[in-house]
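Written out as structure tokens, the structure reads:
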């Protein structure tokens, strides 16, 4: 946690305690405490707002994943290519008068 977040938490705790002690209405004090807690959570979530990968980093990671998938499928593609080439060889070896209607 950052110092700023810890400081904000301490301020929230102090203000919440003062609200319950100083205000006569517990409901208003609870509302202020909840509102302050929500602000504290928003501050915590926004503290790492700029620490995300940019577009180029995300695309580089996606390209690496695609390359890994491509490598995993290399054997299947080679097998399919061999089948296709064998099929093409059989197809060209056929003569038109063999009785095949292809």
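In the numbering used here, the protein residues as written are 8 to 109. Beta carbons are placed, not taken as given, at the ideal position from N, Cα and C, and that holds for glycine.
Contact under 8 angstroms by Cβ, residue i with residue j
i: residue 12; j: residue 54; result: yes
i: residue 50; j: residue 21; result: no
Closest Cα partner of residue i within the set the options
i: residue 43; options: 58, 84, 19; result: 19
Decide yes or no for the touch test of the stretch 35-44 against the stretch 9-26: beta carbon pairs closer than 8 angstroms, at least 3 of them.
yes
Counting only runs that start and end within the stretch 74-101, where is the alpha helix (DSSP H) found for 4 or more residues in a row?
81-100
Please give the ranges of any alpha helix (DSSP H) in the stretch 12-55, keeping only runs that are unbroken, at least 4 residues long and fully inside the region.
33-53
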